[in-house]
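Protein chains in written order, with this note's numbering: chain A, 431 to 487; chain B, 149 to 285. Glycine included, each C-beta is placed from N, C-alpha and C at the ideal position. These numbers were taken from a predicted model, which means no experiment stands behind them. Here the structure is laid out as structure tokens; the discussion comes afterwards.
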């Protein structure tokens, strides 16, 4: 398992899951918050990745 | 007198609950009858911890916490505190020889991140179990 994107997605999934289950009590709210957080994690990582592309450190 | 004894019993139970919740992720919620939440925490956090080990992350020895106290190596001390957050799994994995870490592995930093975040999330779960026990949630 060496794909950075896959590891990032797995990490985002588990963190979103735990936060959503801690923060909300009904399944519907948990799925909504968890989905939003997961999409936010992935989206921001991809956007930041492309923004850093022309600026290698 | 009775009120004091009841309060002592309650605080003793709360300490036990928090210890159980720290030692086994989700145990506090299972104890309080929140089975679904408890099972989700148990599976998700132990899977995160296992993935951290499988991707060659490093478990910092508990002695490294001293670096946080005497400020000789505060970041490694903080990492040790975070790693210890996962509870019994930390000691089981260490005893079985896992968590040595391989700094040359491509996934080394990912492994560390999984191990650290699994521990920190478990500490949040302990606080949540405490809040549930206190009737705040």
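Quick one, are the C-beta atoms of residue 274 of chain B and residue 179 of chain B less than 8 Å apart?
Cβ atoms of residue 274 of chain B and residue 179 of chain B: not closer than 8 Å.
Distance, Cα to Cα, residue 284 of chain B vs residue 458 of chain A?
21 Å
Determine the closest residue to residue 259 of chain B out of B:282, B:271, B:185, B:196, with distance taken between C-alpha atoms.
Per the Cα distances, B:196.
Nearest residue (CA-CA) to residue 240 of chain B, options B:167, B:201, B:282:
B:201
Does DSSP put residue 248 of chain B in a helix, a strand or coil?
Strand, per DSSP.
Of all the CB atoms in chain B, is at least one closer than 8 Å to the CB of residue 448 of chain A?
yes
Identify each residue in the segment 184-202 of chain B for which the Cβ-Cβ distance to at least one residue of chain A is less than 9 Å, and report them in chain order.
184, 185, 188, 189, 192, 193, 195, 196, 199, 202
Per-residue burial, residue 467 of chain A [other beta carbons within 10 Å of its own, 16 or more giving buried]:
buried
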